[in-house]
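Undergrad: One structure coming up, written as structure tokens, with questions to follow.
Numbering (my numbering), first residue to last: -8 to 116.
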């Protein structure tokens, strides 16, 4: 549970939009320092009309993904924090694959999507 109404709204909204096409975990714990990604999404169904109706979000939801929504413009520090959490998650998934004696391809690792209402000029690429 989050103390910030925007975060809770964003998590619930993305959960509702993405749950018909995959598994959504909100506030997923990450190994190591106690941190959480806002949304960890794993698709479970094939692309369909629902994906198309979601537009850009539907395109994001074709692969495993971490969604980090922000109410205000994201800062370089927040971007680094999101990347750090993503890499911790990648490491966790790779360790699990080794324990289970399976392999995991880079294409199977979740992608990071930072949702921000705007970005300053230095952040735009």
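Cβ coordinates follow ideal geometry from the N, Cα and C atoms, glycine included.
If we ignore side chains and look at the alpha-carbon of each, how far apart do residue 83 and residue 0 end up?
TA: Reading the chain shown from its first residue, position 92 is the one you call residue 83. Reading the chain shown from its first residue, position 9 is the one you call residue 0. Their backbone Cα atoms lie some 28 Å apart in a straight line.
Undergrad: From residue 87 to residue 53, what distance separates their C-alpha atoms?
TA: Here the question's residue 87 lines up with position 96 in the chain shown. Here the question's residue 53 lines up with position 62 in the chain shown. If I take the Cα positions, the gap works out to 23 Å.
Undergrad: Which ranges would you report for the beta strand (DSSP E) in the stretch 43 to 100 if only whole runs of at least 3 residues count?
TA: If we require 3 residues or more, the beta strand (DSSP E) runs fully inside the stretch 43 to 100 come out as 56 to 60.
Undergrad: Expressed to the nearest angstrom, what Euclidean distance is found between the alpha-carbon atoms of residue -8 and residue 27?
TA: Residue numbering aside, residue -8 sits at position 1 when the chain shown is read from its first letter. Residue numbering aside, residue 27 sits at position 36 when the chain shown is read from its first letter. In this prediction, residue -8 scores a pLDDT of 49, lower than 50, which makes its location untrustworthy; the coordinate-derived value is nonetheless stated afterwards. Cα to Cα, residue -8 sits roughly 11 Å from residue 27.
Undergrad: Within the continuous beta strand (DSSP E) that includes residue -4, where are the two ends?
TA: Here residue -4 refers to the residue found at position 5 of the chain shown. Premise fails: residue -4 lies in the alpha helix (DSSP H), -4 to 9, not in any beta strand (DSSP E).
Undergrad: DSSP has residue 21 in a bridge; who is on the other side?
TA: On the chain shown, position 30 is the one that residue 21 refers to. Paired residues: 26.
Undergrad: Identify the residues that DSSP records as bridge partners of residue 14: which are they?
TA: Position 23 of the chain shown, counted from the first residue, corresponds to residue 14. In the DSSP output, where bridge partners are listed per residue, residue 14 has 33.
Undergrad: Please return the same chain residues whose Cβ sits closer than 7 Å to the Cβ of residue 11, not counting the five positions on each side in sequence.
TA: Mapped onto the chain shown, residue 11 falls at position 20. Only 41 meet the Cβ criterion.
Undergrad: Give every residue of the same chain whose Cβ lies closer than 6 Å to the Cβ of residue 104, excluding the five residues on either side of it in the sequence, and list them in chain order.
TA: Position 113 of the chain shown, counted from the first residue, corresponds to residue 104. Answer for residue 104: 51, 56 and 58, listed in chain order.
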